[in-house]
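Residue numbers for the sequence shown follow this note's numbering, so the first one is 1 and each next one is one higher.
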Amino acid sequence: MPVVTNGRLIYAAHPSTFIEPGVHLQYVEEPIDTDTVPLNGGILIKTLTLSSDLYIRRRMRDASVKMFFPPLTIGKPVDNFGVGVVLRSEDPELTPGDHVYGYLSFENYSVAPPLSAKAFQAPKKFDKHPDLPASTYLGSLGMPGQTAYSAWKAFIAEKAKSSKTLFVSSGAGPVGTFVIAYARLTAPHLKIIASAGSPEKLELMKESGADVVFNYKTTDTAEVLAEHGPIDIYWDHVAGATLDAAIQNMNYFGYILRVGTNSGYNENQAGIKNTAMFIHKSLLMRGIQVGFGDDMIKAQEGFQEEATKLVLEGKIKNNETRYHGIKEAGNALADIHRIQTLGKTVIIVE
1 MPVVTNGRLI YAAHPSTFIE PGVHLQYVEE PIDTDTVPLN GGILIKTLTL
51 SSDLYIRRRM RDASVKMFFP PLTIGKPVDN FGVGVVLRSE DPELTPGDHV
101 YGYLSFENYS VAPPLSAKAF QAPKKFDKHP DLPASTYLGS LGMPGQTAYS
151 AWKAFIAEKA KSSKTLFVSS GAGPVGTFVI AYARLTAPHL KIIASAGSPE
201 KLELMKESGA DVVFNYKTTD TAEVLAEHGP IDIYWDHVAG ATLDAAIQNM
251 NYFGYILRVG TNSGYNENQA GIKNTAMFIH KSLLMRGIQV GFGDDMIKAQ
301 EGFQEEATKL VLEGKIKNNE TRYHGIKEAG NALADIHRIQ TLGKTVIIVE
């Protein structure tokens, strides 16, 4: 292959509030010779699709701030979950033509270290189903689906058997729609309440299987939960005032699963006022991260086989908002924080 243009999205500055493409993220183009670029024992990957996720905002920080996910590095390309195809390999475990999934640089072409280096979320070979687009493995069959599936299996499935009501906030996102659909399939007796911020998202949650949907921007969350509760299980993606309203309307011995803190990624997060309810109602609350902890890791077993079958059967849908090309990747990362996307946000690179 001759020298080609390699589009790259560079992390340029730490944001203090919302992400601004061109300020915090800069698109550049550089030549690359895919035949001669050094691999140093690794692999050359052609990127097919990349994921835009809310948690990346947490990675846009100074390295001195310690978190589970590593920080992005000023002057280096953004990286996140993606799917690519191997063009060249010096890694004995991978050969040209293999599909890989894991952390990929936001570039058309990138060099990844060998699997033996054990880099964080290093790209690994997987068997892509011929009837599914690569982007499916960033949504229902990727990290969002894995999060919903393993957290449900590990912490919610048993509780759901004796529960009547489930509330899912930010239910139109890729984790939310998966858990709504999976709850409807595996615990059909549950009343599922779900919230989001636009008419399109309300419709998406209904299609996924929710019984009661409402727009948290135009409707009082506490009033809806008081009418349709009490809540036995709260699947929390947002924290802040919504979490406080849920706590207020939990049933005795209710369970709160903390999956995200969307309301606090770009602005100061509201504190919890109803902490006394944890004592009065004997509530439990737990935070989770996909692939972190023995319970989550064990519960993920069987995910790929079961979830692939459900997606192929149309029982779990992979709803997407697509951006095209690395040049649009900065907008994809910014828009999800301004509630401007629907379902899973992906960048189609191929």
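The C-beta atom is built at its ideal place from N, Cα and C for all residues, glycine as well.
In this text, all values refer to a predicted model and were calculated from it rather than measured experimentally.
If you draw a 10 Å sphere on the C-beta of residue 117, you find fewer than 16 other C-beta atoms in it, and that means exposed.
Residue 40 sits in coil when the DSSP states are folded into three classes, being neither helix nor strand.
In the DSSP assignment, residue 255 falls outside any alpha helix (DSSP H) and within the unbroken beta strand (DSSP E) covering 250-258. Taking C-alpha positions only, residue 306 is separated from residue 2 by approximately 42 Å. A contact is defined here as three or more CB-CB pairs under 8 Å, and the region 272-290 meets this definition with respect to the region 239-251.
Between the C-alpha atoms of residue 122 and residue 59 there is a straight-line separation of about 17 Å. Sorting 30, 32, 9 by C-alpha distance to the C-alpha of residue 21 places 9 at the top.
Residue 52 has 345 as its beta-bridge partners, per DSSP. The region 292-304 and the region 141-160 touch, with no fewer than 3 CB-CB distances between them shorter than 8 Å. The continuous beta strand (DSSP E) containing residue 25 extends over residues 25-33. Residue 164 places its beta carbon less than 8 Å from that of residue 191.
For residue 166, the closest of 213, 6, 138, 80 by C-alpha to C-alpha distance is 213. Taking C-beta separations shorter than 6 Å and ignoring five residues to either side along the sequence, the partners of residue 139 in its chain run 174, 318, 344, following chain order.
By the CB criterion at 8 Å, residue 349 and residue 136 fall outside the cutoff.
Within a 10 Å sphere around the beta-carbon of residue 292 sit fewer than 16 other beta-carbons, which makes this residue exposed. In this structure, DSSP gives residue 137 a helical state, which the three-state scheme calls helix. If you compare the alpha carbons of 146, 80, 120, 15 with that of residue 304, the shortest gap goes to 146.
Sequence-distant partners of residue 225 (beyond 5 residues in either direction) whose C-beta falls short of 8 Å from its own C-beta, in its chain, are 167, 193, 231, 245, 246, 248, 249. Minimum Cα-Cα distance from residue 51 among the listed residues 278, 13, 32, 104 corresponds to 104. The beta carbon of residue 204 is closer than 8 Å to those of 172, 177, 196, 319, 342, 343 in its chain, skipping five residues each way along the sequence. With respect to the C-alpha of residue 314, the residue from 289, 209, 256, 257 having the closest C-alpha is 209.
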